[in-house]
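Residue numbers (this note's numbering): 148 to 215. Idealized CB from N, CA, C, for every residue including glycine.
Here it is, written out as structure tokens:
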């Protein structure tokens, strides 16, 4: 993520200096999209791991939990 943040900062600086630079805008959007996808993947992985750990307990006493 640190590398993508650097790309976003550099592209923002280029955009500030040269507002017509479409290449910088494209790379900035790509970096932001990639960061978001990686973040979503990490969250999904954490949720799956948490559910795997909780599943046995929930199956023993399902009334104690609310499914959203």
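- DSSP places residue 215 in the coil class of the three-state scheme, outside both helix and strand.
- Residue 172 sits close to residue 162, with the two beta carbons spaced by under 8 angstroms.
- With respect to the 8 angstroms criterion, residue 151 and residue 182 are classified as neighbours on the basis of their beta carbons.
- When the beta-carbon positions are compared, residue 178 and residue 155 come within less than 8 angstroms of each other.
- Cα atoms of residue 174 and residue 212: separation of roughly 44 angstroms, rounded to the nearest angstrom.
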